[in-house]
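Have a look at the structure below before the remarks.
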Amino acid sequence: MFICECGDKVAGAFEVETLVNAAANVPDVVHAARAPYWCSTDGRERLLETICSLEFERVVVAGCSPRTHRRLFRETAADAGLTPGLVGLANIREGCAWPHRDAPEAATARAQDQIGMEVARMAALTPHPASETVITPAVLVIGGGVAGLTAALELADAGVPVTLVERAPTLGGTAIAQAPELAADLASAVETHSGITLHLDSQITQVDGSVGNYRIDVTHHASRRVTHHGPFGAIIVATGAPDDKTTKLAKLLRLPQDVDGFIPEPRVRLHPGSFIERGIYVCGSAHYPCDAAEAQFQAYSAGSRALRHLRRGKVTADGPAAQVNPEKCNGCGDCLKFCPFSAVTLAERLGGISLSVIDPLLCTGCGNCISICPVGAVTVAGWTDAQIEAQMRMALAGASPPVTNSQPRILVFACEWSGYAAAELAGAQKLTYPSNIRMIRLDCSGRLQPGLILKAFEMGAAGVLVLGCEPRLCHYERGNERAAVAFEQVEAITGLLGLPPDRLKLGWTPPDDGPAFAELVTRFVERVEEVGVGSRE
């Protein structure tokens, strides 16, 4: 346990030695120390030396924001031979010292609890190995129009083996009528290029494999013969205007389509390294309506991105990935339908029941599959029920006694991308709000199933506040929608139990609005205190 004074930013708000002594008495803590700046060169050297000499299994650093210092401390721990995922951070600067600076005793109490909660989370963590694969330096291009031909030539000229599949018997697509000279020149260049293998009058009927290593089955229309090809490190989709065949291809590649059948560009706003690029790129009229010039522009872009992807050589995912317990999975496929990153597939097994299989290279660990699974077959290292419940237990029993009887404990489940980010901003802006909240950070609010919220009340929470991304702005596409469904279920159950609705709230918080967070939390806590913990409707 390493507690940072952060100069006077933490030490000036409360007595750090009190936190050190309290942390030393938290279950599973075998060492607690303080330093002016653990993030400094001297601090990291001391941290590295301590980890090596005492052979720690897990480390928690209490200081400033995880989003700014998580990578730094994980790299330091990795240098000491510790798995990076076994390093946890407790934010006691923006989270406790600054927003409660006028109430040092309350700030200290919350800091002690937030430290204890992070220790409890890390103690319950089961480490997971990083997933890695080598990217095959070959590309599949689907579609022989202007976009597909241009992309194929760009990659082949760069020395990358290209396989091009076109369902028509000739190359050129709609450009044969719209831009005949351009179509003819591109078709001739592709047909004579030694680095391009052509399959005309053919259709892709099966896609297997994963990031960096895709394999396909091609059905040749004239002969009805099926041939197998791959692996391919990247795929470029340039099928032209959407139709039924494009829809079938999109399903094979697990690509989303909009209401008009076009394949949109995915929105990805995650931590660097937490999202692995699939190596599938869309260009031309499959993406949106465009003329030949625009199709070529998109093809150059797609080809360039594919080439950059191939030159990485390998991909590594070190973030937490979901896992399926095969003994529990009933093959319903709900997780497949809800996964925003197409990381789930169904595999056949004996007995006629399919099994959900999660690709660790594609999984971002958002946990939405956990909340949607009806049989509890899915877990995510870092966000398991055991870890969340351990934090809840520590928050509500507390590593420190409750502040006062008039300030009952309020549990806040905050999405890292919205509510938690807004909380950090509120602290950085020195905004004040009630100190009797205890915050549990979630990677996505959609991870939170009803059972955990109900258990919070069972453990003695006076109120539960769930904070997620605003509608249509979820980083995991539909995680906030899933959170809303879970919340409605809890509202119905708590209503039957006679708990006042004012003790439970779901809020949408923009990540860049600290005042909105402070006001929302303040109003909720005030209302809970007005209603009273022991009240019933």
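Numbering follows numbering that gives the first Met the number 0, with no gaps: position 303 of the sequence shown is 302.
Where is the CB? At the ideal position from N, CA and C, for every residue including glycine.
- Here A455 has M391, L410, V463 as same chain residues with Cβ atoms under 6 Å from its own Cβ, once five neighbours each way along the sequence are excluded.
- Between the alpha carbons of C338 and C368 lies a distance of about 7 Å.
- The region 490-532 is shown to contain whole beta strand (DSSP E) runs of 3 or more residues at 503-507, in chain order.
- Excluding five sequence positions before and after D358, the CB atoms of its chain that fall closer than 6 Å to its own CB belong to S209, A342, given in chain order.
- Each of Q111, P168, E117, V189 was checked against the Cα of L148, and the nearest Cα belongs to V189.
- DSSP places Y475 outside both helix and strand once states are collapsed to three, so it counts as coil.
- Of the other Cβ atoms in all chains shown, fewer than 16 fall within 10 Å of the Cβ of K247; this residue is therefore exposed.
- Under a 10 Å Cβ-count criterion, T378 is classified as buried, with 16 or more other Cβ atoms of the shown protein chains found around its own Cβ.
- R310 sits exposed, since fewer than 16 C-beta atoms from the chains shown fall within 10 Å of its C-beta.
- Looking at the backbone, the Cα of C331 and that of A482 are separated by about 20 Å.
- Between A413 and L453, the CB-CB gap reaches or exceeds 9 Å.
- Relative to D511, the option among S417, F72, I262, G445 whose CA is nearest is S417.
- Secondary structure at H198: strand, using DSSP grouped into helix, strand and coil.
- The alpha helix (DSSP H) runs of length 4 or more contained entirely in the region 273-337 are, from start to end of the chain, 291-310, 333-337.
- Pairing R57 with A96, the inter-Cα distance amounts to about 25 Å.
- In the structure shown, the three-state DSSP call for A421 is helix.
- In this model, E264 and A249 are separated by some 13 Å (Cα to Cα).
- In the pairwise beta carbon analysis, the region 87-104 is classified as not touching the region 128-144: fewer than three pairs are separated by under 8 Å.
- Rounded to whole angstroms, the separation of the alpha carbons of I262 and L254 is 7 Å.
- In this structure, the alpha-carbon of E525 lies about 44 Å from that of D257.
- Beta-carbon to beta-carbon, A150 and A237 are separated by about 6 Å, close enough to satisfy the 8 Å threshold.
- Within the DSSP bridge table, the entry for A233 names V138 as partners.
- Taking L349 as reference, the option from N329, L85, K336 with the minimal CA-CA separation is N329.
- Membership of F1 in the beta strand (DSSP E) is indicated by the continuous run 1-3.
- In this structure, the alpha-carbon of S187 lies about 14 Å from that of G194.
- Runs of beta strand (DSSP E) with 3 or more residues, each lying fully within the region 112-181, are found at 130-133, 138-141, 161-164, listed in chain order.
- In the DSSP assignment, T40 falls within the unbroken alpha helix (DSSP H) covering 40-53.
- When the five nearest sequence neighbours on each side are left out, the beta carbons in the same chain lying within less than 7 Å of the beta carbon of A22 are those of M0, I2, V28, A31, I114, in order along the chain.
- Segment contact: the region 294-312 against the region 224-233, three or more CB-CB distances shorter than 8 Å; contact assigned.
- In this structure Q297 is buried. Its beta-carbon is surrounded by 16 or more other beta-carbon atoms within 10 angstroms.
- Looking at the backbone, the Cα of E490 and that of A421 are separated by about 25 Å.
- Judged by DSSP secondary structure, A89 falls outside any alpha helix (DSSP H) and instead within the beta strand (DSSP E) spanning 86-90.
- Distance from the Cα of T107 is smallest, within the candidate group R73, V520, G94, E518, for G94.
- The Cβ neighbour count for A346, taken over all protein chains shown within 10 Å, is under 16; the residue is labelled exposed.
- By alpha-carbon distance to V145, the top candidate from H219, Q295, G84 is Q295.
- Counting every other CB atom within 10 Å of its CB across the protein chains shown gives R471 a total below 16, marking it as exposed.
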